[in-house]
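Novice: Supplied in structure tokens, the structure appears directly below.
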Amino acid sequence: FFANTLALRGDLSGNPSFETLLHRTRQTALEAYENQDVPFERIVEALQPVRDLSRQAIFQVMLALHPQFSDLQMPGISLRAEERLPESAKFDLALELTETRDGLSGQLEYALDLWDKESAEQIVQCLSTLLQSLPDTVECPLSQQPLLTAAGQYQLLTEWNNTAEDYPHDQCIASLFEAQAEQTPDALAVYFDGEEIDYRELDRRAEQVASRLVHAGIGPDCVVGLFVERSIEMISGLLGILKSGAAYLPLDTDYPPDRIAYMLEDAQVPVVLTQRRLLARLPETSACCMFIDDETSETALPPRKARNINAHHLAYVIYTSGSTGRPKGVMISHFSILNHLSWMQRTHRLTPDDRVLQNAPVSFDVSVWQLFWPLLNGAGLVVTSPEGHRDLSYLSSLIESSRVTVMHMVPSMLQALVDIVSPHTLRRVRDFIVGGEALPPSLLQDFSQRFDCRLHNQYGPTETSVEVSWHQCSADEDRLVVPIGAPLSNTRLYVLDRYFNLCPVGVPGELYIAGAGLARGYLNRPDITAERFLPDPFSDGQRMYRTGDLARWTARGVLEYLGRIDHQVKIRGFRVETGEIDTCLLAHPGIHQAIVVPWSSEQKPLQLVAYLVLKDPALQTAEVQVHLRRFLPEHMIPAAFVTLGALPLTPNSKVDRKALPPPTFVTRQRQAVPPRTSEEFALCEIWGLLLNCPEVGIEDDFFALGGHSLLAMRMVAMVRARLGVELPLREIFDAPVIVQLASRLAHYQAREEGSSPIGITPRDGNQPLRLSFSQERLWFLDRLVEAGVAYNVPWSLEMRGELQTAALEWAINQVICRHESLRTVFRNSNGTAVQTIVPAENESLVSQSVPEYALDNVLQTVAEYKFELQTGPLYRFRLYRLSAERHVLAFVAHHII
1 FFANTLALRG DLSGNPSFET LLHRTRQTAL EAYENQDVPF ERIVEALQPV RDLSRQAIFQ
61 VMLALHPQFS DLQMPGISLR AEERLPESAK FDLALELTET RDGLSGQLEY ALDLWDKESA
121 EQIVQCLSTL LQSLPDTVEC PLSQQPLLTA AGQYQLLTEW NNTAEDYPHD QCIASLFEAQ
181 AEQTPDALAV YFDGEEIDYR ELDRRAEQVA SRLVHAGIGP DCVVGLFVER SIEMISGLLG
241 ILKSGAAYLP LDTDYPPDRI AYMLEDAQVP VVLTQRRLLA RLPETSACCM FIDDETSETA
301 LPPRKARNIN AHHLAYVIYT SGSTGRPKGV MISHFSILNH LSWMQRTHRL TPDDRVLQNA
361 PVSFDVSVWQ LFWPLLNGAG LVVTSPEGHR DLSYLSSLIE SSRVTVMHMV PSMLQALVDI
421 VSPHTLRRVR DFIVGGEALP PSLLQDFSQR FDCRLHNQYG PTETSVEVSW HQCSADEDRL
481 VVPIGAPLSN TRLYVLDRYF NLCPVGVPGE LYIAGAGLAR GYLNRPDITA ERFLPDPFSD
541 GQRMYRTGDL ARWTARGVLE YLGRIDHQVK IRGFRVETGE IDTCLLAHPG IHQAIVVPWS
601 SEQKPLQLVA YLVLKDPALQ TAEVQVHLRR FLPEHMIPAA FVTLGALPLT PNSKVDRKAL
661 PPPTFVTRQR QAVPPRTSEE FALCEIWGLL LNCPEVGIED DFFALGGHSL LAMRMVAMVR
721 ARLGVELPLR EIFDAPVIVQ LASRLAHYQA REEGSSPIGI TPRDGNQPLR LSFSQERLWF
781 LDRLVEAGVA YNVPWSLEMR GELQTAALEW AINQVICRHE SLRTVFRNSN GTAVQTIVPA
841 ENESLVSQSV PEYALDNVLQ TVAEYKFELQ TGPLYRFRLY RLSAERHVLA FVAHHII
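Residue numbers (our numbering): 1 to 897.
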């Protein structure tokens, strides 16, 4: 099919007019026709292109022009050419045009592996629009040539951006929380590390913080630093700052001191709210330190006067990575957050029975909706321990025991969850939200096959109030890219080319964001604010944010994220400007040139690689890592370092990123030292599997070999599974070298093996017991309202094989006899609720044969059994026989026991 084929190179440089482009193309075609006798095979031989079975080597788009074929008349017969559609496409695209009496007719052939019908029709529509406009626009630059019809523009600007919704645009977060606390004062507000507080108590604590701040001169648009570990104090501190009228600046306690010092100075923070135990980790600062854990009497300060706070005042400032080498602070106002929270409540509606997991670091903007969405709608907030967000074993236990119903993770963390956690753990989770990174289609399929809850893919940069688009994922999606969805309420999304023209459906362009969710700008950086926040050309007087993200609309009206236009990447959910790492590397006296690039493969997720040209050939990788850790957080430390004699350059003298050699992710400077003890052998084997490293020595550093926090979590799980030892995650960060970690592992092994049971003095079984705080709350709710089955905890177990029903019944009775909680009832004694333990009695196990189609209904009936707290029992066992060798044991208990 190469007969009479000419390979032509189009020259669109300089944004020429269409007339100029025609002249260029004519000249190129004439020169090609002068050499048309050269066989195409000779051209292929001379160029020797890289062969790829998925594409043609020289060109991928074919244009063919055919003369008109007249009907052929023969004696007694007439012949007419009939179109015959090809069975397979030879090129990515092939446009065939035929001259007719009325002009041109044609057809577009497309490869089904690359295009769908809607995309092909869109190409034809754009070509038709361009040709129709040419009589009037032939002298206009290509950037001004129209490709969209009026209907197409209306679809992109209005139909797919029709997002107007009411929201409390004149309110503030603090006032809405106070209203919720007044409405549901006794409802659970926060659960943390075994402690629960209700809305009344949380409001009281926040009010104390606010009073202290106000009397220290803090007010609207002040920025107060928050250097607090994840805790109830963190929640009351956040609310207290907002009640004072100020904005909070989250300071991650894991950040290097130099980075924290820069943020405090740049934001001109007058007060830092912290805990006494963290004072030694806080760098020197001119800001006043206020300790949130100081006991302050409510009468020690006069009542706080109401501040004149409005919705346009700042709510928070979060620093994000900056290309100039310094992070920049993003300023978000109250109305922007409330627009987002209102959308979330309309879309993923919370009820008082819901529990939202707060696992994101407070410096990560997802924490904003995790914190305030439940607290403004009467739901419960389940807060993880300071290091708990990295420990999947801890998270699994917390999710299950705290009855979490809504949670969020970045996709890289979700992958670890899918690999390790059982489906039973997430059985109560209704909505699982992911964001912060691109969601791989394979991960979507893995999640859908293992877990029975809704998965939502949400997208948004820090320069907006958390997210701006949303897509509810489906298990039967067959896409190469999981969409980031459609715009949220009062948000407009544009995909534009470099000349700020709307890109047609299917055409990649830069994503721009407009609407209520935009940040005010960058703190003290009017220059960068002006570069990134531009006038909205489609809405007078409005602004739009330039994301730097590449995206495209699909024919279904949803967006697909295609990557970054610049050198910015997402590492484990954190946005990273590689230029900031470059700047930090170049600050080392032993480094001459440096460039950091993202790198990934089938074996490894996206990681950072640093390419270095050294002034000092003796400079070791470990020294460079120590230098970086003084200034950068852990997620910005490259996983591999490659030393070069010189950086490869393009003809324009820019660094040729495509010519950089692949990294090895092994930076060992000497021969591996073999393991000696059983602990060292085990760790070397685990590291080799995790890091895809064939040779690991006991003096190797986990992070130097490419490890990071997510792999550290997997290592903890593997140590637990293989050695039966609970190794705290923090130990890996404190002792990242095997020889150090092995000694700590041996310590934990010895402690677990040498531990002896603690003697427990039996109590007087005849005496009633007081209720715990949580039990009092459940008992009160049961007496106050018809609680129904909201606090039932159902569970079922499928058993295959020959079942001895009598033995199962005996085992259940033994469990009931042994555990007094199963024999506990709750009665009123002189106006006070008490626990009473009733004697154990043998119970018969109720068994019933059911067809499989009815199993779900009978299990639901068990789960919805109404318990009486005063009479009990507060549990229920039922056995259902599906066949001779298949049974299901159903169990339900009241949450109070």
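Just so it is clear, CB atoms sit at the ideal spot from N, CA and C, and this is done for glycine as well.
1) Drop a sphere of 10 angstroms on the beta-carbon of Gly194, count the other beta-carbons inside from all chains shown, and report buried for 16 or more, exposed for fewer.
2) Apply the 10 Å Cβ neighbour rule to Arg543 and answer buried if 16 or more other Cβ atoms are within range, or exposed otherwise.
3) Please name the residue, chosen from Ser772, Asn524, Leu683, Phe18, that lies closest to Arg722 on a Cα-to-Cα basis.
4) At which residues does the alpha helix (DSSP H) containing His627 begin and terminate?
5) Could you check how far apart the C-beta atoms of Leu375 and Phe177 are, in whole angstroms? I think they sit under 8 angstroms.
6) Classify Tyr499 as helix, strand or coil using the three-state DSSP reduction.
7) Taking DSSP's pairing of strands, which residues face Ile332 in a bridge?
8) Going by other Cβ atoms of all chains shown within 10 Å of its Cβ, with 16 needed for buried, is Ser678 buried or exposed?
9) DSSP state of Pro135, grouped into three classes?
10) Report the three-state DSSP secondary structure of Phe291 (helix, strand or coil).
11) Give me the Cα-Cα distance between Asn792 and Ser412, rounded to the nearest whole angstrom.
12) Can you tell me which of the three DSSP states Arg556 falls into?
13) Determine the direct distance from the alpha carbon of Ala187 to that of Gln180, and round the result to whole angstroms.
14) Go through its chain and collect everything with a Cβ distance to Phe91's Cβ below 8 angstroms, but skip five positions before and after it.
15) Is there contact between the stretch 264-275 and the stretch 221-230, where contact requires at least three CB pairs shorter than 8 angstroms?
16) Under the three-state reduction of DSSP, which class applies to Lys117: helix, strand or coil?
17) Is DSSP giving Gly831 helix, strand or coil here?
18) CB-CB under 7 angstroms to Phe780, same chain, minus the five flanking residues each way: which ones, in chain order?
19) Looking at Val858: is its Cβ nearer than 9 angstroms to the Cβ of Val846?
20) Mind checking which residues open and close the alpha helix (DSSP H) that includes Arg26?
21) Report yes if the C-beta distance between Phe432 and Leu455 is below 9 angstroms; otherwise report no.
22) Please state whether the Cβ-Cβ distance between Val406 and Met234 is less than 9 angstroms.
23) Alpha carbon to alpha carbon, how far is Gly435 from Met409? Give it in angstroms, no decimals.
24) State the CB to CB distance for the pair Gly460 and Leu559, rounded to an integer number of angstroms; the pair is presumed to be in contact (CB under 8 angstroms).
25) Taking 9 angstroms as the CB-CB limit, is Ser119 close to chain B?
26) Quick check: the stretch 473-483 against the stretch 508-520, are there 3 or more CB pairs under 8 angstroms?
27) Is it the case that the stretch 534-543 contacts the stretch 277-289, given that we only count it when at least three CB pairs across the two stretches are under 8 angstroms?
28) Identify every residue that forms a DSSP beta bridge with Asp856.
29) Cutting at 6 angstroms between CB atoms, please list the residues of its own chain near Leu97, excluding the five before and the five after it.
30) Determine the burial state of Glu577: buried for a count of at least 16 other Cβ atoms within 10 Å of its Cβ, exposed for fewer.
31) Which residues does DSSP list as the beta-bridge partners of Gly237?
32) Mapping the DSSP letters down to three states, classify Phe2 as helix, strand or coil.
33) Let me confirm a value: Thr158 is counted as buried when at least 16 other C-beta atoms fall within 10 Å, else exposed. Which label applies?
34) With a CB to CB cut of under 7 angstroms and the five nearest residues on each side skipped, what residues in its chain are close to Leu727?
35) Is the separation between the beta-carbon of Asp221 and that of His313 shorter than 9 angstroms?
36) Would Val737 and Ile698 qualify as a contact pair, given that the criterion is a beta-carbon distance under 9 angstroms?
Specialist: By the coordinates alone:
1) It is exposed - the Cβ of Gly194 has fewer than 16 other Cβ atoms within 10 Å.
2) By the neighbour-count criterion, in which a residue is buried when 16 or more other Cβ atoms sit within 10 angstroms of its Cβ, Arg543 is buried.
3) For Arg722, the closest C-alpha among the options Ser772, Asn524, Leu683, Phe18 is that of Leu683.
4) Segment 621-629, the alpha helix (DSSP H) holding His627.
5) About 6 angstroms separates the two Cβ atoms, so the contact holds.
6) Assigned with DSSP and collapsed to three states, Tyr499 falls in coil, not helix or strand.
7) Tyr316, per the DSSP bridge assignment.
8) Around the CB of Ser678, fewer than 16 other CB atoms lie within 10 Å, so the residue is classed as exposed.
9) In this structure, DSSP gives Pro135 a helical state, which the three-state scheme calls helix.
10) Note: Phe291 maps to strand in three-state DSSP.
11) Straight-line Cα distance between these residues: approximately 33 angstroms.
12) It is coil, neither helix nor strand.
13) Distance from the CA atom of Gln180 to the CA atom of Ala187, rounded to whole angstroms, is 10 angstroms.
14) Gln56, Phe59, Gln60, Val61, Met62, Glu109, Ala111, listed in sequence order.
15) A contact between stretches requires three or more CB pairs, one per stretch, nearer than 8 angstroms, and the stretch 264-275 meets this requirement with the stretch 221-230.
16) Reduced to three states, the DSSP call for Lys117 is helix.
17) DSSP places Gly831 in coil when its eight states are reduced to three.
18) In the same chain as Phe780, and ignoring 5 residues on each side of it, no C-beta atom comes closer than 7 angstroms to its own.
19) It is not a contact, given that the beta carbons lie outside the stated cut-off.
20) In this chain, the alpha helix (DSSP H) harbouring Arg26 covers 18-34.
21) Yes.
22) Their beta carbons are not under 9 angstroms apart, which means Val406 does not touch Met234 by this criterion.
23) Their Cα atoms are separated by approximately 7 angstroms.
24) Contact between Gly460 and Leu559 is absent: CB atoms are separated by about 12 angstroms, not below the 8 angstroms threshold.
25) Given the protein chain composition of this structure (a single chain), no chain B is represented.
26) Per the Cβ contact rule, the stretch 473-483 is not in contact with the stretch 508-520 (fewer than 3 Cβ pairs under 8 angstroms).
27) Taking a cut-off of 8 angstroms for Cβ pairs, the stretch 277-289 and the stretch 534-543 do not touch, as fewer than three such pairs fall below it.
28) Per DSSP, Asp856 has no beta-bridge partner at all.
29) When the five nearest sequence neighbours on each side are left out, the beta carbons in the same chain lying within less than 6 angstroms of the beta carbon of Leu97 are those of Leu65, Leu104, Gly106, in order along the chain.
30) By the beta-carbon neighbour count (other beta carbons within 10 angstroms, threshold 16), Glu577 is buried.
31) Under DSSP, Gly237 forms no beta bridge with any residue.
32) With a pLDDT of only 41 at Phe2, under 50, the local geometry of the prediction cannot be trusted, and the value read off the model is given with reservation. Of the three classes helix, strand and coil, the one that applies to Phe2 here is coil, per DSSP.
33) By the 10 Å Cβ count, Thr158 comes out exposed.
34) Result list for Leu727: Val716, Val719, Leu745, Tyr748, in chain order.
35) Contact flag set, yes.
36) Yes.
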